[in-house]
Amino acid sequence: MRVTFTVNGRQESADDVWEGESLLYVLRERLGLPGSKNACEQGECGSCTVYLDGVPVCACLVAAGQAEGRQVRTVEGLADGDRLDPVQEAFVECGAVQCGFCTPGLLVQAHDLLERCPRPSDAEIREALAGNLCRCTGYEKILDAVRLAASRKEHR
Amino acid sequence: MDFLRPTTWQEALAAKADQPGAVPVQGGTDVMVEINFGVRRPPALLDLTRVAELREWSMTGGLCRVGAGVPYAAVIAELGGPLPGLAQAARTVGSPQIRNRGTVGGNLGAASPAGDSHPPLLAAGAVVEVESRERGVRMIPAAEFYLGVKRAALEPDELIRAVHVPPATGPQYFSKVGTRNAMVIAVCSFAIALHPRERRVGTGLGSAAPTPRRALEAEELLAAELDWDAPLDPALLRRFGELCARAAAPIDDVRGTAAYRVHAIGVMARRTLTWAWTDHLEKRAA
């Protein structure tokens, strides 16, 4: 089947999509957007988190056909041109990026948290990121990054 | 495989009647996992996310009618007042991403004994509204809905339209044992709902038997012996816990042993009744 939806503001189509295929597969393998990572394929790791109609979801659990006509925003769509989003800047500066595999999902989820909750408590950060697994950082630097991004966004 | 995209409820019923093997999909948090892992290759996916009415809830005839497509995130944000037990359970489901997509209707359709929404629905006395094109609407009490492991009382041409839940008239609590606070399937779970007007207490056991189930003897004990105007009698509380534990019929599996689950159900039953009773007495005193 053909699936057409908007990705990061651009209308995109994919042809010959298998009906059981996930949105994640379409993004990575058909549209050349490898930012969202494919790890667990069962919604456990959060590394494929994208916005679907403004709501963070695991792209591996969205059937491609469910995205028809919808708006998708991936990690590739967080930066404004060459200017990184404050969350992305903070991850780089705080050393919250190590192997980088979990980073795109964490960035989208942290971005959503700060949109909804500009001054999150540590408990709110932990809850928001509870579905994003990282095997390198020990999470403390990720928490630092979200706190830094929150303070910067507030002062913009 | 077909991908069916009804935009109205009538179209959805027609699609299910014409292709009973079609698997309904909402948030995809169960169905897509099975497809991704090749566990399931249904002849068709029936995407219900375009049927807007399924995402709505309303107060109808004194009951809270929750559309089958209402995600857990909306249950948490909007239904904590009338349905506190269900909202508490929804807060323990997966991650924020999963709660944004997963639905109570999907949980019912999957009918896993470990589904988090089942115990509070049982405790509250919920009724599941299902419908088929040929035979119309059937109202199935939650206690009769679960038939076996991942088997629900749904005919092949039926779809779940909504669940009707009496709004809370007393305290409700949900408790869940897991190895961490997030992203866990319940080792076992327990829900309680006080119904002070009826002088009755509802219960629901999760992940402690082939199906979610009520602890009927424990409910009967409290209906007979609970003094609603007095502090909780410790002996009665203990017997309540024992009867709830006795209602469990769990298995040993990777998440826990049967013996542990029986024990934990008893503990959670005592704890949740104690929490609820404290609230009940405080409300009376206020």
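Protein chains in written order, with the UniProt record's numbering: chain A, 1 to 156; chain B, 1 to 286.
No residue lacks a Cβ here, since even glycine has one placed at the ideal position from N, Cα and C.
Going by Cα to Cα distance, which pick from the options is closest to residue i?
i: Arg50/B; options: Val62/A, Gln66/A, Cys58/A; result: Gln66/A
i: Ala162/B; options: Arg270/B, Leu147/B, Leu63/B, Cys188/B; result: Leu63/B
i: Ser175/B; options: Leu226/B, Leu86/B, Pro156/B; result: Leu86/B
i: Glu282/B; options: Leu79/B, Pro171/B, Pro113/B; result: Pro171/B
i: Arg10/A; options: Glu76/A, Trp18/A, Asp82/A; result: Glu76/A
i: Ile251/B; options: Pro210/B, Arg239/B, Gly28/B, Ala276/B; result: Pro210/B
i: Pro6/B; options: Pro104/A, Gly46/A, Leu133/A, Glu68/A; result: Glu68/A
i: Pro42/B; options: Leu48/B, Val70/B, Glu220/B, Val25/B; result: Val25/B
i: Ala208/B; options: Ala90/B, Phe240/B, Ala143/B, Cys244/B; result: Cys244/B
i: Asn8/A; options: Gly95/A, Cys136/A, Gly54/A; result: Gly54/A
i: Glu19/A; options: Ala12/B, Ser112/B, Phe3/B, Ala14/B; result: Phe3/B
i: Glu53/B; options: Ile160/B, Gly178/B, Arg284/B; result: Ile160/B
i: Leu45/B; options: Leu83/B, Thr169/B, Ala14/B, Met1/B; result: Met1/B
i: Gly266/B; options: Val254/B, Leu236/B, Arg284/B, Thr278/B; result: Leu236/B
i: residue 295/B; options: Leu194/B, Glu155/B, His164/B, Cys188/B; result: Coverage of chain B is limited to positions 1 through 286, which leaves residue 295/B absent and any answer about it impossible.
i: Ser112/B; options: Val149/B, Gly81/B, Pro196/B; result: Val149/B
i: Arg135/B; options: Pro234/B, Trp277/B, Ala14/B, Arg270/B; result: Ala14/B
Between which two residues does the beta strand (DSSP E) harbouring residue i extend?
i: Ile140/B; result: 136-141
i: Ala73/B; result: Here Ala73/B belongs to no beta strand (DSSP E); instead the alpha helix (DSSP H) covers 72-78.
i: Ala44/B; result: 44-47
i: Leu232/B; result: Run containing Leu232/B: none; DSSP gives neither H nor E here.
i: Pro96/B; result: Here Pro96/B belongs to no beta strand (DSSP E); instead the alpha helix (DSSP H) covers 96-101.
i: Leu147/B; result: 146-148
i: Pro86/A; result: Pro86/A -> not in any beta strand (DSSP E); alpha helix (DSSP H) instead, spanning 86-94.
i: Trp57/B; result: 57-60
i: Pro167/B; result: Note, Pro167/B: premise wrong, no beta strand (DSSP E); not H, not E.
i: Glu131/B; result: 127-132
i: Gly67/B; result: 63-67
Could you tell me the alpha carbon to alpha carbon distance between residue i and residue j, rounded to whole angstroms?
i: Asp18/B; j: Cys117/A; result: 46 Å
i: Glu93/A; j: Ala145/A; result: 8 Å
i: Leu84/A; j: Leu78/A; result: 7 Å
i: Cys48/A; j: Ala73/B; result: 19 Å
i: Gln10/B; j: Leu61/A; result: 26 Å
i: Ala59/A; j: Asn36/B; result: 12 Å
i: Ala152/B; j: Gly21/B; result: 15 Å
i: Tyr139/A; j: Ala110/A; result: 13 Å
i: Gly105/B; j: Gly67/B; result: 7 Å
i: Val3/A; j: Arg30/A; result: 11 Å
i: Ser36/A; j: Gln71/A; result: 16 Å
i: Arg119/A; j: Leu129/A; result: 15 Å
i: Ile98/B; j: Leu108/B; result: 16 Å
i: Leu143/A; j: Arg126/A; result: 8 Å
i: residue 295/B; j: Pro56/A; result: Residue 295/B lies beyond the range of chain B shown here (1 to 286); nothing can be said about it.
i: Asp116/B; j: Asp82/A; result: 44 Å
i: Ala286/B; j: Ala259/B; result: 41 Å
i: Leu27/A; j: Leu33/A; result: 5 Å
i: Ser132/B; j: Lys16/B; result: 8 Å
i: Ser121/A; j: Lys153/A; result: 15 Å
i: Ala77/B; j: Val201/B; result: 26 Å
i: Gln42/A; j: Gly256/B; result: 22 Å
Should residue i go down as buried or exposed, given a rule of 16 or more other Cβ atoms within 10 Å for buried?
i: Leu216/B; result: exposed
i: Leu147/B; result: exposed
i: Asn181/B; result: exposed
i: Asp112/A; result: buried
i: Ser13/A; result: exposed
i: residue 158/A; result: Look at the range of chain A in this structure, 1 to 156, and you will see that residue 158/A is not part of it.
i: Glu158/B; result: buried
i: Val31/B; result: buried
i: Ser58/B; result: exposed
i: Ser151/A; result: exposed
i: Val137/B; result: exposed
i: Glu220/B; result: exposed
i: Pro119/B; result: buried
i: Val75/B; result: buried
Counting along the chain, where does the alpha helix (DSSP H) carrying residue i start and finish?
i: Asp144/A; result: 140-155
i: Leu27/A; result: Unbroken run through Leu27/A: none, as it is neither H nor E.
i: Asn265/B; result: Before going further, note that residue 265/B is Ile rather than Asn in the sequence given. Residues 258-285.
i: Met1/A; result: It is not in any alpha helix (DSSP H) - Met1/A carries neither H nor E in the DSSP assignment.
i: Met32/B; result: 31-36
i: Pro84/B; result: 84-91
i: Ile125/A; result: 122-128
i: Arg116/A; result: 103-116
i: residue 290/B; result: Only positions 1 to 286 of chain B appear in the structure, and residue 290/B is not among them; the question remains open.
i: Val104/B; result: 104-110
i: Ala191/B; result: Unbroken run through Ala191/B is the beta strand (DSSP E), 188-195; no alpha helix (DSSP H).
Is residue i a contact residue of the ligand MN, with contact defined as CB to any heavy atom under 6 Å?
i: Ala285/B; result: The ligand MN is absent from the structure shown, which contains no ligands of any kind.
Original post:
Which residues, in chain order, does the UniProt domain "2Fe-2S ferredoxin-type" (1-78) of chain A contribute to contact with chain B at a C-beta distance below 8 Å?
Top reply: Shown in chain order are the members of the UniProt domain "2Fe-2S ferredoxin-type" (1-78) of chain A whose Cβ falls below 8 Å from a Cβ of chain B: Met1, Trp18, Glu19, Gly20, Ser22, Glu41, Gln42, Gly43, Glu44, Gly46, Thr49, Val55, Pro56, Val57, Cys58, Cys60, Leu61, Val62, Ala63, Gly65, Gln66, Glu68.
Original post:
Given a limit of 7 Å on CB to CB distance, which residues of the region 230-262 of chain B reach chain A?
Top reply: Per Cβ criterion, the list is empty.
Original post:
What residues in the region 126-137 of chain A have a beta carbon less than 9 Å from any beta carbon of chain B?
Top reply: Going along the region 126-137 of chain A in chain order, one finds Arg126, Glu127, Ala128, Leu129, Ala130, Gly131, Asn132, Leu133 with a Cβ nearer than 9 Å to chain B.
Original post:
Taking Cβ-Cβ distances below 8 Å as the criterion, which residues of the region 106-135 of chain B are in contact with chain A?
Top reply: Those residues of the region 106-135 of chain B that come within reach of chain A (Cβ to Cβ, closer than 8 Å) do not exist; the list is empty.
**OP:** Report the residues of the region 65-93 of chain B with a CB closer than 7 Å to any CB of chain A, ordered along the chain.
**Re:** none
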